[in-house]
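This note's numbering puts the first residue of the sequence shown at 15, with every later residue one more than the last. Note that the Cβ used here is the ideal one computed from N, Cα and C, for glycine as well. None of the values given here were measured: they were computed from a predicted structure. To keep things clear, I will list the structure first and then write my remarks on it.
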Amino acid sequence: MADARIVIVGGGFGGLFTALNLEGSGQITLITDEDHFLFSPMLYEYLSGEVEEWHIAPKYTELVDEKVKLVSGATRQIDLGAQKVIVEGHNEPFEYDVLVLAVGGTTNYRGVEGAEQFSLPFRKIRHAAALRSRMVDALDRVAPDLPPQDARDALTFAVVGGGASGVELSTKMADLLRDAFKRRALPGEPRVLVIEMGDRVVPGMGEQIREVVEKALLESHVEVHTLTCVVQVGEHAITVAHNEVQTEINTAAVVWVGGVKVNPLIENLEVPKTRNNLIRVAQTLQIPSFQNVFALGDIAFYESATPTLAGTATAGKAFGGPLARQARFAMYTGRLPTWHHRLRVGASWFFEGTVPRPLLPLGIERNR
Ligand SMILES: Cc1cc2nc3c(=O)[nH]c(=O)nc-3n(C[C@H](O)[C@H](O)[C@H](O)COP(=O)(O)OP(=O)(O)OC[C@H]3O[C@@H](n4cnc5c(N)ncnc54)[C@H](O)[C@@H]3O)c2cc1C
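Here it is as structure tokens:
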């Protein structure tokens, strides 16, 4: 099968690394709806300006060689029987001998009114850029002579979801905003809320990790609301319910990291799935009823894997303490795709440093 047509759908951790590892075997086609890979664990550092876009979101053209055919566009339909994939913007379907599905997940707004329309997701580089702009914009609107309580009101940000993402994001946001308050000599403090429907943050992560997380939230002045549900999201407010009492809070932005669901492309695929729509795979990642089709990453479920691997790129490890940041950068350098990219980024982090970039007024942000 040296000439097998191998079509990979999705260029994230699963798809890109499959393409890189298969380079030279078969005719590989990588179909993606973005022109770049994203090292998502460092999206928080992109928000804070500690890393640059090229560090964590290199273009595919810089990562794969000419042996991999790159196809740009969203896959709209997969016909497992006819072994064809239909991609937006391409008249002809892509035929395959072997198919690798790695389209990942998408934000789950859980049907909450206004959530999809008004809250910001946090999964892509453009989402982090939009959030940063929103923070700068909100800061730019606060006059230095505003009473502290009004400044706090105007600089209230809600993060929905108290999982690992919500915690990491909220602390980064709070640190950036407090720093901006000081630099701009604004009165009072900003307000960053985490809204969590469960009775604690980082559910399922163990007591030791929770202690580290709670300390970090406290140090960053993040306000945590547990046993609290989001009822509605509006353009400038969020309504939450706690103990059956509803409260409307004015917000500069609501960021939704309150859940992930399987890509809609997979929802429509008729193969055995779990209740959460994850594709059931064998140990080889093959779909048992279609042996030439592989599913991996956030869309796949292998029942003998404990804990389940979907939803993580690394199967999860947590660090705390003063060396954690250095360890994180060092560890992540080694996990970037391709040696060439690792060397460039590693050198940049080592020689140029990785400090947060302050939230400066919009004109200066744009011209930097
Ligand atoms: C902000 C953030 C931080 C994270 N931090 C961590 C962490 O610290 N540790 C950890 O283990 N995990 C982390 N994760 C989870 C981790 O990123 C995922 O588990 C991992 O990316 C899953 O890999 P994947 O290949 O299944 O999907 P993805 O990496 O999401 O890749 C899916 C790819 O498919 C493309 N695509 C989607 N639909 C289509 C379509 N219709 N046609 C063509 N292409 C399509 C997407 O653009 C994307 O390139 C984080 C996730 C996020 C969002």
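Distance from the C-beta of Ala116 to the nearest heavy atom of ligand 1 is below 7 Å. Below 8 Å, too few C-beta pairs join the region 73-93 and the region 158-169 to call them touching: fewer than three. Looking at the backbone, the Cα of Ser133 and that of Ala267 are separated by about 7 Å. Judged by the Cβ position, Ile313 qualifies as a neighbour of ligand 1 at the 7 Å threshold, a heavy atom of the ligand being closer than this. For ligand 1, no non-hydrogen atom lies closer than 7 Å to the CB of Leu113. A heavy atom of ligand 1 is found nearer than 7 Å to the CB of Gly25.
For Asp154 against Leu376, the beta-carbon gap comes to about 6 Å, under 8 Å, which counts as contact. Measuring C-alpha to C-alpha distances from Lys275 to each of Lys287, Asn291, Ala129 and Val269 identifies Asn291 as the nearest. Buried is the label assigned to Gln97, since at least 16 other Cβ atoms lie within 10 Å of its Cβ.
In this structure, the alpha-carbon of Thr46 lies about 17 Å from that of Leu36. Nearest neighbour of Glu233 by Cα position, chosen from Met219, Gln246 and Ala188, turns out to be Ala188. The three-state secondary structure of Glu66, taken from DSSP, is coil. For Val254, the three-state secondary structure derived from DSSP is strand. Uninterrupted alpha helix (DSSP H) stretches at least 4 residues long and entirely within the region 99-181 occur at 129-132, 139-154 and 162-168, given in chain order.
Within the region 199-259, the beta strand (DSSP E) runs of at least 3 residues that lie entirely inside it are, in chain order, 205-209, 236-239, 242-247 and 251-256.
Ile280 is the residue among Ile280, Ser179 and Ser39 whose C-alpha sits nearest the C-alpha of Phe315.
In the DSSP assignment, Leu84 falls within the beta strand (DSSP E) that extends over Val82 to Ser86. Here Ser318 is exposed, its C-beta having fewer than 16 other C-beta atoms within 10 Å.
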